[in-house]
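One structure is given here, and the rest of the page talks about it.
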Amino acid sequence: MTTPPVLTALVLAGTRPGKPDPVAVAGGVSHKALLPIDGVPMVVRVVNALLAVPAITQIVVCLEDPTILAGLLPAHVQVVPSCPEGPSASVLDSLARQGTPLLVTTADNALLQPEWVEELLSKTALQTDIAVGVATQAAIQRSVPQTKRTYIRLTDMVFSGCNLFYFKTSVSARVAQLWRTVEKNRKHPLRVAWTLGLGILLRAVMGRLSSQALYARIYKVTSAHAQLVPLSDGRAAVDVDKEADIILAQKLAPALKAQYGR
Numbered sequence: 004m005t006t007p008p009v010l011t012a013l014v015l016a017g018t019r020p021g022k023p024d025p026v027a028v029a030g031g032v033s034h035k036a037l038l039p040i041d042g043v044p045m046v047v048r049v050v051n052a053l054l055a056v057p058a059i060t061q062i063v064v065c066l067e068d069p070t071i072l073a074g075l076l077p078a079h080v081q082v083v084p085s086c087p088e089g090p091s092a093s094v095l096d097s098l099a100r101q102g103t104p105l106l107v108t109t110a111d112n113a114l115l116q117p118e119w120v121e122e123l124l125s126k127t128a129l130q131t132d133i134a135v136g137v138a139t140q141a142a143i144q145r146s147v148p149q150t151k152r153t154y155i156r157l158t159d160m161v162f163s164g165c166n167l168f169y170f171k172t173s174v175s176a177r178v179a180q181l182w183r184t185v186e187k188n189r190k191h192p193l194r195v196a197w198t199l200g201l202g203i204l205l206r207a208v209m210g211r212l213s214s215q216a217l218y219a220r221i222y223k224v225t226s227a228h229a230q231l232v233p234l235s236d237g238r239a240a241v242d243v244d245k246e247a248d249i250i251l252a253q254k255l256a257p258a259l260k261a262q263y264g265r
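Counted the way this note's numbering counts, the sequence shown spans residues 4 to 265.
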């Protein structure tokens, strides 16, 4: 009998140094992760959803000061310091410490449901090294017609991210490293263009980039097979990163609890 691999879930809960997070300010809390949605702090909601996924055997939460979460989470949930260099550095650190497979999400993914995680895991192809949960524009407009999301437009798919990343194999760490390089150079567009390829960026800007071309470029740069996994429920794309999202999440949470039981 083959023992299933240990699947660790990493929750990115830290904030960048500098100005106070506008969501934390709007919610009257010291840190964004503590903002209550339907009476429960966002990070607690996310951890509770992950605890309900049978495949997940370990949960790690990272933020700049672990004492912020003292007494909020179950004792077996690890809370570790986040890397000051940014979320990609925290993911790379977790990959080095925990290995793969690693599921990554964020504390502001406050509406997360176990069923969405399970759908991502079940729809990830055998040969995939890294899978990204997304919601198509059609699914979002069907489930949450009142929301305004940022869309990525490919020739064969228009989608918004769901803050769900499945680093399935060790090769996927190279994608995290690519992410780290882009993040470090986010204020230097020419360096980003050099890293990703000017041609691929031009095709993306002109709306001529297909998912297959995107996968091919990621493979060429990292040797990793990537996959965008559309999730059925458009509400999976709703995270809380601005004040309007707080209002929307508060409105959606009771309906999700009635449907999914949490």
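We treat Cβ as the ideally placed atom computed from N, Cα and C, and that holds for glycine.
Note that the structure is predicted; figures quoted are calculated from it, not measured.
Item: Does any residue of chain C have a CB that is nearer than 8 Å to the CB of Leu54?; Value: Absent here is chain C; the protein component of the structure consists of one chain.
Item: Check this for me: beta carbons of Val49 and Ala138, under 8 Å apart or not?; Value: no
Item: Just the C-alpha distance for Thr60 and Met209, rounded to the nearest angstrom, thanks.; Value: 43 Å
Item: Between which two residues does the alpha helix (DSSP H) harbouring Leu105 extend?; Value: Where Leu105 is concerned, there is no enclosing alpha helix (DSSP H), although the beta strand (DSSP E) it sits in stretches over 105-109.
Item: Can you tell me which residues form a DSSP beta bridge with Gln149?; Value: According to DSSP, which records beta bridges pairwise, Gln149 is partnered with nothing at all.
Item: Are the CB atoms of Thr108 and Val241 nearer to each other than 8 Å?; Value: no
Item: Would you mind sorting Ala99 into buried or exposed? The rule is 16 or more other CB atoms within 10 Å of its CB.; Value: exposed
Item: Across the segment 108-127 and the segment 227-239, are there enough close Cβ pairs to call them in contact, namely three or more that are closer than 8 Å?; Value: yes
Item: Give the list of continuous beta strand (DSSP E) stretches no shorter than 3 residues that lie fully inside the segment 66-148.; Value: 81-84, 105-109, 133-139
Item: Using alpha carbons as the reference points, say which of Leu10, Met45, Thr158, Leu123 lies closest to Leu231.; Value: Leu123
Item: Check the C-beta distance from Val47 over to Leu38 and give it rounded, since I have them as a contact under 8 Å.; Value: Wrong, their Cβ atoms sit about 11 Å apart, outside the cutoff.
Item: Quick one: grab the DSSP three-state call for Gly42.; Value: coil
Item: Let's see if you can read the secondary structure: which residues bound the beta strand (DSSP E) around Tyr169?; Value: 161-170
Item: Helix, strand or coil, according to DSSP, for Pro23 in the structure here?; Value: coil
Item: Buried or exposed, going by whether 16 or more other CB atoms sit within 10 Å of the CB of Asp175?; Value: Sequence check: residue 175 is Ser here, not Asp. Per the 10 Å Cβ criterion, buried.
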